[in-house]
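What follows is a single structure, written as structure tokens, with notes after it.
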Amino acid sequence: MSDNIIAPENLVYKKPKLLNNETMHYCPGCSHGVVHKLVSEVIEEMGMEDKAIGVSPVGCAVFAYRYIDIDWQEAPHGRAPALATGIKRVWPDRLVFTYQGDGDLACIGTAETIHALNRGENISIIFINNAIYGMTGGQMAPTTLIGQKTATCPYGRDPKIHGYPLNITQIASGLEGTCFVSRQSVETMSAIIKAKKAIRKAFTSSMLGKGSSLVEIVSTCNSGWKLSPIKANEWMRDNMYPKYVKGDLKDTTGL
């Protein structure tokens, strides 16, 4: 047997076919690349390569179309759920999902997000929450924690001035149109496995017409946080998990 042939049971890492060889622009330690891999794997395993349509707006998520070889539509800032709604209604047999950051989804896109979920549109929303605006310079986001320093709150977020962090996933779990709402992360192998299962359930639910799904991935932004990838993971566990508790917040899918 050739040394280059690896038995399937011994294969630890396999690059999804949908994930191309384009050099990624994400910073070292960023969670986006891992989530891209999970989304690609789930689409392949579901056999939906030719029927998957992703919608990416702006921010760090804007270039998702460069890496995952499926059909994509780019939406104006915050409008991805509205665009996904139109696509799914025109092509109900398609697997339609959005891929959005917290500034896009929970700030300028709050209305589109809430109303699409509340209508029970058969779409899935992948929500990357790193509690900061990453691409545009590290400004305060709706999800920025109390006391967390950013470019626009250099002394830390003060609720008397800036209000409180917006827990958009918790809000989504109380909407009648949602069938599956989950919060996961991708900093360890066990966390990655749980995140992939959540994405698979969301995509499956949308294809079965069960309603809207939202999968939040609590993530790091070591560049915006001014931390190394290792320290960023530690900060995320110590500070973000108490506020954004991981697990399934709602599951009426029966899957």
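The numbering of the sequence shown is this note's numbering, which starts it at 4 and goes up by one. Glycine is no exception: its CB is placed at the ideal position from the N, C-alpha and C atoms.
Exercise for review: Using DSSP bridges, identify the partner residues of GLN250.
Suggested key: Here the sequence assigns Gly to residue 250, which means Gln is not the residue at that position. ARG186.
Point to revise | Reduced DSSP secondary structure (H/G/I, E/B, other) of LYS20 | key: coil
Practice item. Can you tell me the Cβ-Cβ gap for THR172 and GLY214, rounded? I've got them flagged as a contact below 8 Å. Key: Actually they are not in contact, since the Cβ atoms of THR172 and GLY214 sit about 15 Å apart, beyond 8 Å.
Review point. Mind checking ARG92: buried by the 16 CB within 10 Å criterion, or exposed?
Key: A residue is called buried when at least 16 other Cβ atoms come within 10 angstroms of its Cβ; ARG92 does not meet this threshold and is exposed.
**Study point:** Candidates LYS204, PHE100, TRP228 and LEU211: closest to GLY261 by CA position
**Key:** Past the boundaries of the shown model lies residue 261; the chain is included only from 4 to 258, so the question cannot be answered.
Check your understanding: Straight-line CA distance for VAL197 to GLN187?
Key -> A quick correction: the sequence has Lys, not Val, at residue 197. C-alpha separation (whole angstroms): 7 Å.
Practice item. Determine the direct distance from the alpha carbon of ILE73 to that of SER209, and round the result to whole angstroms. Key: 17 Å
Review point. Where does VAL248 land, buried or exposed, given buried means 16+ other C-beta within 10 angstroms?
Key: exposed
Point to revise | Limits of the unbroken beta strand (DSSP E) element including GLY57 | key: 55-59
Review point. Helix, strand or coil for ILE171 per DSSP?
Key: helix
Review point. Would SER216 be called buried (16 or more neighbouring beta carbons within 10 Å of its own) or exposed?
Key: buried
Review point. For CYS30, which beta-bridge partners are listed by DSSP?
Key: Beta-bridge pairing links CYS30 to no other residue.
Exercise for review: State the start and end residues of the unbroken alpha helix (DSSP H) segment that holds SER231.
Suggested key: Under the DSSP assignment, SER231 falls outside any alpha helix (DSSP H); it carries neither an H nor an E label.
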